[in-house]
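Here is the structure we will look at.
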């Protein structure tokens with residue numbers, strides 16, 4: 004596994020076609036052209052922009068993210084969703100209004116119970132705080148949104164506030180197992196039953212925890228990544244296991260035996276419904292941002308087999324299933340499609356497109372404002388339909404560890420090209436040159452020189468080519484590294500993703516690693 008140590012950014016990747024008439028005649032069946040994967044398609048970009056306008060109109064009231072279908076109350080989860088969507092939409096004005104209202108009204112620092120004052124947030128509000136207990140998923144989303152905001156808008160105060168929240172999530176919303184490791188719980192409200200603790204699998208966000216480790220410098224977060232994957236795997240291979248591989252809404256962790264058992268109570272079930280669908284989304288973030296092999300294994304495992312069968316046999320995926328894969332409720336939901344889409348991000352672009360079309364069927368446009376789920380009062384459905392389209396369209400990016408383009412993008416990046424040459428000799432290779440533009444201003448490269456490892460991956464994540472550019476000594480911002488790849492004749496057609504890492508000359512120190520920075524398409 005490759006772990007980001009400090010951030011660097013790749014502004015663009017440019018790939019040029021070979022135009023030599025000799026090569027055209029010899030290799031006319033292969034052409035290489037540029038494709039900037041982070042540039043959203045116009046149709047979905049327009050949908051996301053108008054639905055964001057609609058979201059601000061229907062759900063945001065002076066910084067409160069309200070639930071119209073629940074009496075216009077507020078939950079901390081909604082504040083986190085609003086902050087994440089604001090930063091992805093590059094809307095700092097809305098972000099600040101949501102964040103300021105959250106601090107002023109939900110901060111547990113305002114709790115009259117002095118023993119429960121911290122940097123976390125009350126989960127429920129309606130004209131006043133109704134419940135001061137915190138919910139882990141909301142606290143995680145709020146902290147991550149602040150980390151993103153600090154990077155994107157260059158304000159360290161956001162990062163400082165995020166780190167205060169991150170510290171209290173670790174101390175207040177984890178439980179220590181008999182193995183001495185920390186496990187993420189449901190929040191400060193978590194129900195303990197003796198030595199057992201409730202676990203909501205959709206709260207586990209291993210990609211976030213890697214960001215938390217980077218920002219806070221606290222290596223305990225690396226252990227939380229590991230325990231999260233332990234819980235995710237136990238939920239599908241342990242006592243809760245079924246052949247369907249579906250994540251449950253809830254489970255109970257025995258902190259002594261470390262087994263994950265069936266949940267108790269009608270409000271906390273093991274079904275795959277309106278909590279559990281978010282789990283695959285969070286796993287996919289770790290695959291997309293960090294190329295995490297454990298995330299890859301989950302996305303290619305039993306849950307993929309089950310949902311692929313549902314899609315191929317029915318042309319749809321139902322909203323709710325029992326844990327064993329039997330149908331609980333036979334209707335479709337654009338919200339749950341927003342999470343289900345993540346199952347196919349690794350290897351099924353055609354199905355991702357098909358699910359996007361399912362979500363788009365619920366898209367309602369009205370004079371510049373739009374909403375999903377055929378109902379402008381459905382706060383939850385509108386969030387997750389949008390998140391699903393954003394992930395499928397390449398907009399759920401790691402804004403903390405790289406400087407990837409924000410949504411919306413008014414026009415594609417216009418790259419600078421490098422000179423290209425190709426030999427007419429006996430070699431059957433196509434010579435391909437392109438450039439990667441790095442920002443190393445925040446990367447602590449302590450070696451006199453460093454190497455750049457550029458790797459090409461096929462759609463299963465297998466490395467098919469590697470180019471090592473050694474003896475680099477440039478530091479600072481806007482560093483351009485020319486890279487050349489000789490593409491063998493007869494190389495398999497397809498789309499290949501580009502990943503880039505920065506290492507010390509002897510490979511002993513990894514400064515950073517970025518996935519999905521561009522693609523090469525060979526036809």
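In the numbering used here, the protein residues as written are 4 to 526.
Built from N, CA and C at the ideal position, the CB exists for glycine as well.
For residue 124, DSSP records a beta bridge to 110. Spatial neighbours of residue 348 in its own chain (CB-CB distance under 8 angstroms, excluding positions within 5 residues in sequence) are listed in chain order as 287, 290, 291, 302, 355, 394, 395. Taken in chain order, the complete beta strand (DSSP E) segments of 3 residues or longer contained in the stretch 143-227 are 177-179, 185-187, 199-203.
Taking a 10 Å sphere around the C-beta of residue 273, we find 16 or more other C-beta atoms and assign the residue as buried. Taking a 10 Å sphere around the C-beta of residue 205, we find 16 or more other C-beta atoms and assign the residue as buried. For residue 475, DSSP records a beta bridge to 453.
Excluding five sequence positions before and after residue 359, the CB atoms of its chain that fall closer than 8 angstroms to its own CB belong to 47, 344, 391, 392, 395, 396, given in chain order. For residue 269, there is no enclosing beta strand (DSSP E), as DSSP marks it with neither H nor E. The DSSP-derived three-state label of residue 254 is strand. Nearest Cα to residue 402 within the set 105, 71, 152, 85: 152.
The Cβ atoms of residue 337 and residue 361 sit closer than 8 angstroms to each other.
Spanning the alpha carbons of residue 382 and residue 215 requires a straight line of approximately 28 angstroms.
A check of alpha carbon separations from residue 385 across 64, 71, 472 identifies 71 as the nearest. Ranked by Cα distance from residue 230, the options 179, 249, 482, 455 are led by 179. Contact check for residue 175 against residue 123 passes: the beta carbons are separated by less than 8 angstroms. Boundaries of the beta strand (DSSP E) around residue 373: 372-374.
Taking the C-beta atoms as reference points, residue 81 is found no nearer than 8 angstroms to residue 145.
Taking residue 257 as the centre and dropping the five residues before and after it, the same chain places the C-beta of 198, 199, 264 closer than 7 angstroms to its C-beta, in chain order.
For residue 212, same chain residues with a beta-carbon under 6 angstroms away, outside a window of 5 residues either side, are 224, 227, 228 in chain order. The residue among 496, 507, 467, 306 with its C-alpha nearest the C-alpha of residue 488 is 467.
DSSP, reduced to helix, strand and coil, places residue 323 within a strand of the structure shown. With a minimum length of 4 residues, the unbroken runs of alpha helix (DSSP H) contained wholly in the stretch 331-368 fall at 337-343, 352-363. One thing to note: residue 56 has its Cβ within 8 angstroms of the Cβ of residue 371. Residue pairing by DSSP places residue 70 opposite 76 in a beta bridge.
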